[in-house]
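Contents: one structure, followed by commentary.
2 protein chains.
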Amino acid sequence: MRPMVDIFPIAHWLQNYQRSIFISDLMAGIIVAIMLVPQGMAYAFLAGLPPQYGLYASILPLMLYALLGSSRSLAVGPVAIASLMVGSTIAQFAEQGTDAYINAAVNLSLLVGVILLILRALNLGSIVNYMSHSVISGFTSAAALLIAISQIKNFSGLDIPRSAPIWESFGYLFDHLTAINPATLLVGLTSVFVLWFTKTKLCCGLEAMRVPTWIAQPVCKAGPMFAVLVGSIIVWGGELDITHNVTTVGMIPTGLPELFTIQLDLMLWQQLFMPALLIALIGFLESVSVGTVLASKRRERIDPSKELIALGIANLGSAMSGTYPVAGGFGRSMVNHSAGAQTTVASMISAFLVLLSLLFLTPLFYYLPKATLGAVIVMAVIPLIDFSSFRQCWKFNKADALTLLATFILVLIFGVELGILCGIGISIALLLYRSSQPHIAVVGRVGSSEHFRNIERHDVTTYNNTLALRIDESLYFANTRYVEEYILKQCAGHSNLQHIVLICNAVNFIDASALETLENLVLKLRDEGITLHLAEVKGPVMDQLLNTTFVDHLGEGKVFFTTDEAMRELSENERYPVNNRSA
Amino acid sequence: MRPMVDIFPIAHWLQNYQRSIFISDLMAGIIVAIMLVPQGMAYAFLAGLPPQYGLYASILPLMLYALLGSSRSLAVGPVAIASLMVGSTIAQFAEQGTDAYINAAVNLSLLVGVILLILRALNLGSIVNYMSHSVISGFTSAAALLIAISQIKNFSGLDIPRSAPIWESFGYLFDHLTAINPATLLVGLTSVFVLWFTKTKLCCGLEAMRVPTWIAQPVCKAGPMFAVLVGSIIVWGGELDITHNVTTVGMIPTGLPELFTIQLDLMLWQQLFMPALLIALIGFLESVSVGTVLASKRRERIDPSKELIALGIANLGSAMSGTYPVAGGFGRSMVNHSAGAQTTVASMISAFLVLLSLLFLTPLFYYLPKATLGAVIVMAVIPLIDFSSFRQCWKFNKADALTLLATFILVLIFGVELGILCGIGISIALLLYRSSQPHIAVVGRVGSSEHFRNIERHDVTTYNNTLALRIDESLYFANTRYVEEYILKQCAGHSNLQHIVLICNAVNFIDASALETLENLVLKLRDEGITLHLAEVKGPVMDQLLNTTFVDHLGEGKVFFTTDEAMRELSENERYPVNNRSA
Numbered sequence: 001m002r003p004m005v006d007i008f009p010i011a012h013w014l015q016n017y018q019r020s021i022f023i024s025d026l027m028a029g030i031i032v033a034i035m036l037v038p039q040g041m042a043y044a045f046l047a048g049l050p051p052q053y054g055l056y057a058s059i060l061p062l063m064l065y066a067l068l069g070s071s072r073s074l075a076v077g078p079v080a081i082a083s084l085m086v087g088s089t090i091a092q093f094a095e096q097g098t099d100a101y102i103n104a105a106v107n108l109s110l111l112v113g114v115i116l117l118i119l120r121a122l123n124l125g126s127i128v129n130y131m132s133h134s135v136i137s138g139f140t141s142a143a144a145l146l147i148a149i150s151q152i153k154n155f156s157g158l159d160i161p162r163s164a165p166i167w168e169s170f171g172y173l174f175d176h177l178t179a180i181n182p183a184t185l186l187v188g189l190t191s192v193f194v195l196w197f198t199k200t201k202l203c204c205g206l207e208a209m210r211v212p213t214w215i216a217q218p219v220c221k222a223g224p225m226f227a228v229l230v231g232s233i234i235v236w237g238g239e240l241d242i243t244h245n246v247t248t249v250g251m252i253p254t255g256l257p258e259l260f261t262i263q264l265d266l267m268l269w270q271q272l273f274m275p276a277l278l279i280a281l282i283g284f285l286e287s288v289s290v291g292t293v294l295a296s297k298r299r300e301r302i303d304p305s306k307e308l309i310a311l312g313i314a315n316l317g318s319a320m321s322g323t324y325p326v327a328g329g330f331g332r333s334m335v336n337h338s339a340g341a342q343t344t345v346a347s348m349i350s351a352f353l354v355l356l357s358l359l360f361l362t363p364l365f366y367y368l369p370k371a372t373l374g375a376v377i378v379m380a381v382i383p384l385i386d387f388s389s390f391r392q393c394w395k396f397n398k399a400d401a402l403t404l405l406a407t408f409i410l411v412l413i414f415g416v417e418l419g420i421l422c423g424i425g426i427s428i429a430l431l432l433y434r435s436s437q438p439h440i441a442v443v444g445r446v447g448s449s450e451h452f453r454n455i456e457r458h459d460v461t462t463y464n465n466t467l468a469l470r471i472d473e474s475l476y477f478a479n480t481r482y483v484e485e486y487i488l489k490q491c492a493g494h495s496n497l498q499h500i501v502l503i504c505n506a507v508n509f510i511d512a513s514a515l516e517t518l519e520n521l522v523l524k525l526r527d528e529g530i531t532l533h534l535a536e537v538k539g540p541v542m543d544q545l546l547n548t549t550f551v552d553h554l555g556e557g558k559v560f561f562t563t564d565e566a567m568r569e570l571s572e573n574e575r576y577p578v579n580n581r582s583a
Numbered sequence: 001m002r003p004m005v006d007i008f009p010i011a012h013w014l015q016n017y018q019r020s021i022f023i024s025d026l027m028a029g030i031i032v033a034i035m036l037v038p039q040g041m042a043y044a045f046l047a048g049l050p051p052q053y054g055l056y057a058s059i060l061p062l063m064l065y066a067l068l069g070s071s072r073s074l075a076v077g078p079v080a081i082a083s084l085m086v087g088s089t090i091a092q093f094a095e096q097g098t099d100a101y102i103n104a105a106v107n108l109s110l111l112v113g114v115i116l117l118i119l120r121a122l123n124l125g126s127i128v129n130y131m132s133h134s135v136i137s138g139f140t141s142a143a144a145l146l147i148a149i150s151q152i153k154n155f156s157g158l159d160i161p162r163s164a165p166i167w168e169s170f171g172y173l174f175d176h177l178t179a180i181n182p183a184t185l186l187v188g189l190t191s192v193f194v195l196w197f198t199k200t201k202l203c204c205g206l207e208a209m210r211v212p213t214w215i216a217q218p219v220c221k222a223g224p225m226f227a228v229l230v231g232s233i234i235v236w237g238g239e240l241d242i243t244h245n246v247t248t249v250g251m252i253p254t255g256l257p258e259l260f261t262i263q264l265d266l267m268l269w270q271q272l273f274m275p276a277l278l279i280a281l282i283g284f285l286e287s288v289s290v291g292t293v294l295a296s297k298r299r300e301r302i303d304p305s306k307e308l309i310a311l312g313i314a315n316l317g318s319a320m321s322g323t324y325p326v327a328g329g330f331g332r333s334m335v336n337h338s339a340g341a342q343t344t345v346a347s348m349i350s351a352f353l354v355l356l357s358l359l360f361l362t363p364l365f366y367y368l369p370k371a372t373l374g375a376v377i378v379m380a381v382i383p384l385i386d387f388s389s390f391r392q393c394w395k396f397n398k399a400d401a402l403t404l405l406a407t408f409i410l411v412l413i414f415g416v417e418l419g420i421l422c423g424i425g426i427s428i429a430l431l432l433y434r435s436s437q438p439h440i441a442v443v444g445r446v447g448s449s450e451h452f453r454n455i456e457r458h459d460v461t462t463y464n465n466t467l468a469l470r471i472d473e474s475l476y477f478a479n480t481r482y483v484e485e486y487i488l489k490q491c492a493g494h495s496n497l498q499h500i501v502l503i504c505n506a507v508n509f510i511d512a513s514a515l516e517t518l519e520n521l522v523l524k525l526r527d528e529g530i531t532l533h534l535a536e537v538k539g540p541v542m543d544q545l546l547n548t549t550f551v552d553h554l555g556e557g558k559v560f561f562t563t564d565e566a567m568r569e570l571s572e573n574e575r576y577p578v579n580n581r582s583a
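So, in C-alpha cells, the structure goes:
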C-alpha cells in the first residue's frame with residue numbers, strides 16, 4: 001500500500017503542524033471566507049443559479065480539495081469564467097429557474113469531475129499544453145469582458161435577454177436608456193466605489209497609520225463584504241426594494257444542501273460533453289497555473305496529476321452537493337496566499353465559515369441588492385482583461401498576437417465555447433502549417449575545417465558537382481512533399497550536379513509517407529543523372545531504414561557517417577571548389 | 001497577357017504535333033474508350049445513378065481536362081472510389097431514382113469544382129499533404145473492399161439494402177442464401193472469367209503468337225467490352241431476363257445530356273460541403289499521384305496548381321452535363337499511358353467515342369446484365385486492396401502501420417467519409433503528440449575538441465557545475481511545458497549545479513507561450529541557485545528575443561555564440577571535469 005502522504009499531501013503537512021501555522025491558516029481562512037460568501041452568491045447568479053448554490057459549491061468541494069490537493073494555498077470554489085461557461089451552456093437546454101436547469105448544472109459537475117479523473121487515469125493531463133498562451137489570453141480577456149457586459153442588466157435594472165450577443169445587449173440598453181432604474185444604478189455605483197475605495201485608499205491608509213497586519217489585512221480584503229453591508233443597508237434603510245423597485249437577493253433558504261440528489265441523465269451528457277471538457281481543461285489549466293506560481297514562491301512544486309485527482313474529486317463533491325462546477329480561482333488564491341495560508345487547513349476553515357453563514361446568516365442577505373453582486377463580479381473580472389499581453393505578443397511574434405486577437409474576437413462573437421474551440425483550431429492549424437515547411441539549408445565548408453554551415457549566413461565553400469542540404473526537422477507526411485519539391489527545385493537551379501547529400505543530423509524519425517517520397521525522389525533524381533546520398537543519419541533512424549530495402553534502393557548512393565567524409569569523397573575529382581561568396 | 005501555352009498545356013504539345021503522334025493518340029484513345037464505356041456505366045450504378053450518367057461524365061469533363069491538364073496521359077472520368085463516396089453521401093439526403101438524387105449529384109460536382117478552384121486561388125493545394133500515406137492506403141483498401149462487397153447484390157440478384165453496414169449485408173446474404181438467383185450468379189461468374197482470361201491468358205497467348213501490337217494491345221484491354229458482349233449475348237440468347245429474372249441495364253435513353261440544367265441548392269451545399277471537400281481532395285491526390293508517376297516515366301513533371309484548375313473545370317463540366325464528380329483514375333490512366341498516349345488528344349478521342357456510343361450504341365446495352373457490370377467493378381477494384389503496404393509499414397514504423405489499420409477498420413465500420421476523417425484525425429493527433437515531446441540531449445565535450453555530442457551515444461566529458469542541453473526542435477506551446485519539466489528534472493538529478501546552457505542550434509523559432517515558459521524557468525532556476533544561459537541562438541530567433549526584455553530577464557545568464565565558448569567560461573573554475581563514461 002502506498003503511504004498516506006502519497007495520496008493525501010495534507011497528511012505530510014500535518015506531520016509538522018504547529019500552533020503558529022494554525023494561526024496563519026485561520027487568518028487566511030477567515031479572509032478568504034469574507035471574500036467567498038459574496039463572490040459565491042454573485043457567481044451563482046452569473047451561472048444562472050440561485051445565490052445559495054454558489055455557497056453550496058464552497059463547502060464540500062473545498063474540503064475535498066483540501067484533503068487531496070498538492071497546492072498549499074490554491075483556493076478552490078466557484079470562479080467567474082467557469083460560471084459564465086456553465087450559464088451559457090445550460091441556457092441552451094433549459095429554462096433558468098427550473099429543476100431541469102439545476103439538474104443540468106449538477107450533471108455538468110459530475111461530468112467535469114469524471115473527465116478530470118479520466119484524464120488522470122489515461123495520463124493525458126498534458127492535453128492542456130495544446131491551449132497556447134495566446135489562445136488562453138485572448139479567451140480570458142474576452143470572457144471577462146463578456147462577464148462585465150452581462151452585468152449591465154444588474155446595474156441598470158433592465159431585463160436584457162440573457163443569451164443575447166453583446167451587440168444586442170448594447171442595442172437593448174440604448175433603446176431603453178430612459179427605462180434604467182436610477183436607484184439600482186446608484187446602488188451599483190456606490191458598491192463599485194466601496195470596492196475600489198477598500199482595495200486602494202483604505203489599504204494604503206491603514207498601512208500609513210501602521211495598523212497591525214492582523215487587523216489591516218482582513219479589512220483590506222473585506223471589500224466585497226463592505227459592499228454587501230453598504231448596499232444592503234442603503235436598500236433596507238431607504239426601502240428601495242419597495243419604493244424604487246431595486247431587485248434584491250430576497251429569501252435564501254437556510255440550511256445545508258441536500259446531498260446525493262443527482263438525477264443521472266446520460267442523454268444530456270452527450271450535449272454537455274464538449275462544454276464539460278472545456279470547463280474541465282480551462283479549470284485545470286487555471287488551477288495549475290495559479291498553483292505553480294504560488295508554489296514557486298515557496299520554492300515548492302505542485303504535482304499536476306495530483307491536481308487532476310483533487311479537482312476531479314472536488315467537482316464530484318459539487319455534484320454531490322447538488323451544485324455547479326468549481327475550479328481554483330486566481331483572485332482568491334492570491335488573497336489566500338498573501339493572507340498567509342500555510343496549508344489547505346486554511347481552505348477547510350473557509351469552508352466551515354461558509355457553512356456557518358449558510359446556517360445562520362442567510363436572512364441578512366434578504367436586502368442585498370443584485371446591483372451590489374454585479375459590482376463584486378465586475379471588480380473581480382476587470383483585472384482579467386489584459387491588453388498589454390497583446391502588445392507584448394505583437395512585438396515578439398505576429399502570428400501569436402493574431403491568434404490572441406482572433407480568439408478574443410471569436411469569443412465575443414460566437415460565445416465562450418465555440419470561440420475557444422476556434423482559437424485552439426487556429427493555433428493547431430498554424431502549428432501544422434509551420435511543421436509542413438521545415439527549415440532546409442544549403443551548406444558549404446567553413447574554410448578548410450570539417451564544419452559545414454548555411455551558405456546564406458556564412459562564408460563557405462561549395463562544389464559544382466555536389467550539393468549538401470541540411471534538413472532541420474524530422475521527415476513525415478506533412479512536410480515530405482515540401483522537402484521533395486525543395487530538392488527538385490535546387491536541382492533545376494544547378495547544372496552539372498551529380499550528387500546530393502542530405503544531412504540528417506536533425507532528423508529524429510522518418511515516417512512511412514516520407515520513406516515513400518524519398519524512394520520516389522531517388523528514382524526521379526536518378527532519371528536526371530543525380531545520385532542521392534545521406535549523411536549523419538542518427539542511430540534510431542538508421543535502424544528504421546535498415547528494416548527496409550531503402551539502402552539497396554539508393555543504388556550508387558551511400559550513407560556517410562559525416563558530411564565532411566561525404567564531401568571529400570564525392571567532390572574529389574572536382575578540381576576547382578566554388579567559393580560561395582565570390583561566385 | 002500570358003501566352004496560350006501557359007494556360008493550355010495542350011497548345012504547347014500541338015506546336016510539334018505530327019502524324020505519328022496522332023496515330024499513337026488515336027490508338028490510346030480507342031483503347032481507353034473500350035474500357036471507359038462499360039466502366040462508366042458500372043461506376044454510375046455504384047454512385048446510385050442510371051448508367052448513362054457515367055457516360056455523360058465521360059465526355060465534356062474529359063475534353064475540358066484535355067485542354068487544361070498538365071499531364072499528357074492522365075485519364076479523367078468516373079472513378080470507383082469517388083463513385084462510392086457520391087453514392088454513400090447522397091443516399092443520406094435523397095431516394096435513389098428521384099430527381100432530387102440526381103440534382104444532389106449535380107450540385108456535388110459543382111461544389112467539388114468550386115472547391116478545387118478555391119484551393120488553387122488560395123494556393124492551398126498542399127492541404128493534401130495532411131493526408132498521410134498510411135491514411136490514404138488504409139482508406140483505399142477499405143473503400144475497394146466496400147465496393148467489392150457492394151457488388152454481392154448484383155452477383156446474387158438479392159435486394160440487399162444499399163446503405164447497410166457490411167455486417168448487415170453479409171447477414172442478409174446468409175439469411176437469403178436460398179433466394180440467390182443462380183442464373184444471375186452464373187452470368188456474373190462468367191463475366192469474371194472473361195475479364196480474368198482476357199487480362200492474363202489471352203494477352204500472353206497473343207504475345208506468344210507474335211500478333212502485331214496494334215492488334216494485341218486493344219484486344220488485351222478490351223476485357224470489359226468482351227465481358228459486356230458475352231454477358232449480353234448469354235442473356236439475349238437464353239432470354240434469361242424473362243425466364244430467369246436476370247436484371248439487365250434495360251432502356252438507356254439515346255442522345256446527349258442536356259446541358260445547364262443545374263438547380264442550385266445552397267441549403268444542400270451545407271450538407272454536401274464536407275463530402276465534396278473529401279471527394280475533391282482524394283480525387284486531386286489520386287490524379288496528382290498517378291500524373292506524377294506517368295510524367296516521371298517521360299522525365300517530365302506535372303504542375304499541381306494546373307491540375308487543380310483542370311480538375312476543377314472538369315468537375316464544373318460534369319455539373320454542366322448534369323452528372324456526378326470525376327477524377328483522374330489509376331487504372332485507365334495506366335492503360336492510356338501504356339497504349340501510347342502522347343498528348344491529351346487521346347482523351348479527346350476517347351470522349352468523342354463515348355459520345356458516339358451514346359448516340360448510336362445504347363440500344364445494344366439493353367440486354368447487358370447488371371451482374372456483368374458488377375464483375376467489371378470488382379475486377380477493377382481488387383488490385384486496390386493492398387495488404388503488402390501494411391506489412392511494409394509495420395516493419396518500418398509501427399505508428400504508421402496502426403494508423404493504416406485504424407483507418408481501414410474505421411472506413412469499414414463508419415463508411416468512407418467518417419472513416420477517412422477519423423484517419424486524418426489520428427495521424428494529426430500523432431503528429432501533435434510527437435511535436436509535444438521534442439528530442440533533448442544532454443551533451444558533453446568530445447575529447448578536447450570544440451564538438452559537443454549526446455552523452456548517451458558518445459564518449460564525452462561533462463562538468464559537475466554546468467549542464468549543457470541541446471534542444472532538437474523549435475519551442476512552441478505544444479512542447480514548451482515538456483521542455484521545462486525536462487530541465488527541472490535534470491536539475492533535481494544534479495547537485496552542485498550552477499549553470500544550465502540551452503543549445504539552440506535547432507530552434508528555428510520561439511512562440512509567445514515558449515517565451516513565457518522560459519521567463520518562468522529563469523526565475524525557478526534562480527530560486528535554486530542556477531543560472532540559465534543560451535548558446536548558438538540562430539539569427540532570426542535572436543532578433544525576436546531582442547524585441548523583448550528577455551535578455552535583461554536572464555540576469556547573470558548570457559547568450560554565448562558557441563557551446564565551446566560557454567563551457568570554457570562557465571566551467572573554468574571546475575578543476576576536475578567528469579568523464580561521463582567513467583563516472
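Residue numbers (UniProt numbering), protein chains in the order written: chain A, 1 to 583; chain B, 1 to 583. Glycine included, C-beta positions come from ideal geometry on N, C-alpha and C.
May I ask you to list, following chain order, the residues of the segment 111 to 131 of chain A that have a beta carbon less than 7 Å from some beta carbon of chain B? Ser126, Asn129 and Tyr130
Just tell me which of Asp303/A, Phe509/A and Val541/A has its CA closest to the CA of Glu485/B. In the second sequence, the residue the question calls residue 485/B occupies position 485. The candidate whose alpha carbon is nearest that of Glu485/B is Asp303/A.
Reducing DSSP to helix, strand and coil, say where Ala468/A ends up. Residue 468/A sits at position 468 when you count from the first residue of the first sequence. Strand at Ala468/A.
Got a sec: which bits of the segment 509 to 527 of chain A sit with their beta carbon under 9 Å from any beta carbon on chain B, in order along the chain? Here the close residues are Phe509, Ile510, Asp511, Ala512, Ser513, Ala514, Leu515, Glu516, Thr517, Asn520, Leu523, Lys524 and Asp527.
Same chain, Cβ closer than 7 Å to Leu14/B, neighbours up to 5 away in sequence not counted: In the second sequence, counting from the first residue as 1, residue 14/B sits at position 14. Cβ neighbours of Leu14/B beyond the five flanking positions: none.
DSSP-derived helix/strand/coil call for Ile500/A: What you label residue 500/A is simply residue 500 of the first sequence in a count that begins at 1. Looking at Ile500/A - three-state DSSP - the assignment turns out to be strand.
Between Arg19/A and chain B, is there a C-beta pair that is closer than 8 Å? Position 19 of the first sequence, counting from 1, holds the residue named residue 19/A. Answer no: the Cβ-Cβ gap between Arg19/A and chain B never drops below 8 Å.
List in chain order: all unbroken alpha helix (DSSP H) runs of 4+ residues lying wholly within the segment 287 to 344 of chain A. 304 to 320 and 330 to 338
With a threshold of 8 Å on Cβ separation, who are the neighbours of Asn508/B within its own chain once the five nearest residues in sequence on each side are excluded? Mapped onto the second sequence, residue 508/B falls at position 508. Same-chain partners within the cutoff: Ser474, Lys538, Pro540 and Val541.
Check distances from the C-beta atoms of the segment 542 to 564 of chain A to those of chain B and list, in chain order, the residues that come in under 7 Å. So the list reads Gln544, Asn547 and Thr548, given in the order they occur along the chain.
On a Cα-Cα basis, can you pick out the residue from Ile471/A, Lys489/A, Thr549/A and Val345/A that is closest to Arg19/A? Position 19 of the first sequence, counted from the first residue, corresponds to residue 19/A. For the residues Ile471/A, Lys489/A, Thr549/A and Val345/A, the minimum Cα distance to Arg19/A belongs to Val345/A.
Short of 8 Å Cβ to Cβ, which residues in the segment 364 to 393 of chain B face chain A? Gln392 and Cys393
What does Arg299/B touch in chain A if you count any residue whose Cβ is under 8 Å from its own? In the second sequence, residue 299/B corresponds to position 299, counting from 1. The answer, in chain order, is Asp527 and Glu528.
Using the beta-carbon count (16 or more within 10 Å), is Gly97/A buried or exposed? As a working note, residue 97/A is residue 97 in the first sequence. The residue in question, Gly97/A, is exposed, as its Cβ has fewer than 16 Cβ neighbours within 10 Å.
Chain B within 8 Å of Arg162/A, Cβ atoms only: If you number the first sequence from 1, residue 162/A lands on position 162. No, Arg162/A does not count as interfacial toward chain B.
With a 10 Å radius around its C-beta and 16 neighbouring C-beta atoms as the bar for buried, classify Asp472/B as buried or exposed. Translated into the one-based positions of the second sequence, residue 472/B becomes position 472. So Asp472/B ends up on the buried side.
What would DSSP say about Leu49/B, mapped onto helix, strand or coil? As a working note, residue 49/B is residue 49 in the second sequence. Leu49/B falls in the coil class under three-state DSSP.
Keeping to the same chain, check which residues put their C-beta closer than 7 Å to that of Gln151/B; ignore five residues upstream and five downstream. Indexing the second sequence from 1 puts residue 151/B at position 151. Gly374, Ile377 and Val378, listed in sequence order.
Check whether the segment 331 to 346 of chain B touches the segment 118 to 136 of chain B, taking contact to mean three or more Cβ pairs, one atom from each stretch, closer than 8 Å. no
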